[in-house]
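Numbering (the numbering used here), first residue to last: 17 to 294.
Structure (structure tokens):
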């Protein structure tokens, strides 16, 4: 299959595996352009039986996906065509739903930080493996005065249970890979030096069983229909994100340098520091 040349994705297909690198510097935010390109790529690959595994990684040494880009609301017009194709969920949730229902097996290789929308991407994938020493994952939206809006409430509820989902959504704690594996957020933590080889072998082994068997397994182990909960999540997120409190927090965060490398390394401390100073 001939794929378009994407600006935020690097895609290489060989041996039944589509290797997809996420690339949106300086801190790998989930921008409108990346959302559009992910929708396009996943939809194009749905009917390609030659591709049996989708392996996602990051081109950034420190960040898998930092979070949704803070300027996303300036690009809503660009997202309208994608939104029209997914009337049951919002555009962000649509990425997770595509991942969850792809005929291919999706695997995330997490060697850096995945926060908020990035963490939602990780949990929407079928499988996720993280570097013990360097990977971190967290839902930090509460520090911006909002709930997750890309599926995390429902995906976490299904994956880790209600009490842990509430803990993760409300505490905005950044978990290390071992704790994330213990909670069930990811499949397992792997020593960083072994992560590439482990995930590559797993992807190769899965691809080798063939598209028919993979499709059968995914039909026998289907992704649950979470649409009602996703609608509630969207409504609650929308009410909060359009409120005065979150608008003030987000404006202050941007003004003081959110989405710069220095502050993104400890977003939790950065945002809590802003709150303490108000």
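Idealized CB from N, CA, C, for every residue including glycine. Predicted model, so just to flag it, every value in this text is computed and none were measured.
Beta-carbon contacts of residue i that lie in its chain and below 8 angstroms, excluding the five residues immediately before and after
i, result
"residue 277", "42, 43, 78"
"residue 296", "Because the chain spans 17 through 294 in this model, residue 296 falls outside it and cannot be assessed."
"residue 183", "189"
"residue 207", "147, 148, 149"
"residue 25", "36, 37, 38, 39, 50, 53, 54, 57"
"residue 211", "125, 127, 145, 146, 147"
Neighbourhood of residue i by C-beta distance below 6 angstroms, restricted to the same chain and skipping five residues each side
i, result
"residue 199", "176, 180"
"residue 71", "33, 35, 123, 219"
"residue 288", "none"
"residue 215", "125, 145"
Residue i vs residue j beta-carbon contact at 8 angstroms
i, j, result
"residue 83", "residue 128", "no"
"residue 163", "residue 138", "no"
"residue 37", "residue 74", "yes"
"residue 152", "residue 191", "yes"
"residue 209", "residue 202", "no"
"residue 53", "residue 23", "yes"
"residue 126", "residue 80", "yes"
"residue 173", "residue 269", "no"
"residue 85", "residue 46", "yes"
"residue 223", "residue 69", "yes"
"residue 112", "residue 167", "yes"
"residue 88", "residue 48", "yes"
"residue 236", "residue 117", "no"
"residue 205", "residue 194", "yes"
Nearest candidate by alpha-carbon position, reference residue i, set the options
i, options, result
"residue 115", "55, 159, 194", "55"
"residue 284", "223, 132, 256, 209", "132"
"residue 51", "97, 253, 158, 174", "97"
"residue 281", "130, 204, 101, 66", "130"
"residue 65", "47, 88, 30", "30"
"residue 257", "95, 157, 286, 232", "157"
"residue 67", "274, 255, 225, 20", "225"
"residue 231", "94, 102, 63, 101", "63"
Residues near residue i by beta carbon distance below 7 angstroms, same chain, minus five either side
i, result
"residue 141", "72, 115, 122, 123, 124"
"residue 272", "290"
Residue i CB to nearest heavy atom of the ligand SAH below 7 angstroms
i, result
"residue 250", "This structure lacks the ligand SAH; in fact it carries no ligand of any kind."
Residue-chain proximity (residue i, chain D), Cβ-Cβ < 8 angstroms
i, result
"residue 160", "Among the chains of the structure shown, chain D does not appear; only one protein chain is present."
Note to self: Runs of 4 residues minimum, wholly inside the segment 154-193: which ones carry the alpha helix (DSSP H) assignment?
What the structure shows: 168-176, 178-187
Checklist line | the segment 262-275 in contact with the segment 105-123 per 3-pair CB rule at 8 angstroms | finding: no
Checklist line | 4 or more residues per run - each alpha helix (DSSP H) lying fully within the segment 248-278 | finding: 260-271
Next item on the list: Could I get the ranges of all uninterrupted alpha helix (DSSP H) runs contained in the segment 194-224, with 4 residues as the minimum, in chain order?
Entry: 208-224
Checklist line | Contained alpha helix (DSSP H) runs [length at least 4] in the segment 94-142, N- to C-terminal order | finding: 107-117, 133-140
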